[in-house]
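Trainee: I'd like to ask you about the structure that follows.
Protein chains in written order, with this note's numbering: chain C, 18 to 166; chain H, 80 to 189.
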């Protein structure tokens, strides 16, 4: 694989990490749960950042599959299948993500599915697993992809 | 010329397929919940049995925290496998006013 093959993948990885990192910053802000405009903006920012981060992560993983001529997952479950496959050794390639990072990515996938349907019926102050997953992905994902590369 | 299937007939058939898929889904979710020490809470049009062609299947997971992710994944997969569109969330994430709003519709599985 040439370096040019990785330009878009690296961009997507950087975007994902930046968005996950920003989401964690929003969630850690002192006014994240405040019942005012700033609190609402922080919560909206968190939800959007995690959704954007996961979408960039998916883009990176799909581009990696394309690069190694592995068919993209299809069907209604493709988002979940993509993460599941990235976390597994399959024929002629090792796992793209270690199992713990794949679990974090599955958490942000579930969160995105939920947040994309409704913003106002869940309490962002209670979603600590998603915050932890975003933090995990922001900190460790670039290194994991680099090891795969 | 073969008989034309009207849009109304297509819609009715799609709803019927969705209702049958829901009937097949519920025992699967119930069995999983019983085996894993939790419950699924069905609500919305699925619980009221008023599914439309574009209805998703609204489900809350109510499991011990360590089992929540797996229960969530199981419910999603069980829906997708039956051609249903899942909308799943842990009960513990819900705002109190949202839970109060859906309370009358909730069907407990497990």
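Even for Gly, the Cβ is constructed at its ideal location relative to N, Cα and C.
Because the structure is a prediction, the values reported are computed rather than measured.
#1: Name the one or two DSSP bridge partners that residue 169(H) has.
#2: Is there a Cβ of chain C sitting closer than 7 Å to that of residue 166(H), yes or no?
#3: Apply the 10 Å Cβ neighbour rule to residue 113(H) and answer buried if 16 or more other Cβ atoms are within range, or exposed otherwise.
#4: Quick check on this structure: which residue in 162(H), 176(H), 138(H) has the alpha carbon closest to the alpha carbon of residue 103(H)?
#5: Should residue 111(H) and residue 138(H) be called a contact, given that it needs their Cβ atoms to be closer than 7 Å?
#6: Looking at the C-beta of residue 151(C), does it have a partner C-beta in chain H at a distance below 7 Å?
#7: Is the region 83-100 of chain C in contact with the region 41-49 of chain C, if contact means three or more CB pairs nearer than 8 Å?
#8: Within a Cβ cutoff of 6 Å, which residues of the same chain sit near residue 122(H), ignoring the five residues on either side of it in sequence?
#9: Please list the terminal residues of the continuous alpha helix (DSSP H) segment that includes residue 180(C).
#10: Since residue 158(C) and residue 24(C) are thought to touch, with beta carbons under 8 Å apart, how far apart are those beta carbons, to the nearest angstrom?
Mentor: A quick look at the data gives this:
#1: 140(H)
#2: yes
#3: exposed
#4: 162(H)
#5: no
#6: no
#7: no
#8: 137, 181, 184, 185
#9: This structure cannot settle anything about residue 180(C), because the visible part of chain C is limited to 18 through 166.
#10: No, residue 158(C) and residue 24(C) are not in contact; Cβ-Cβ is about 17 Å, not under 8 Å.
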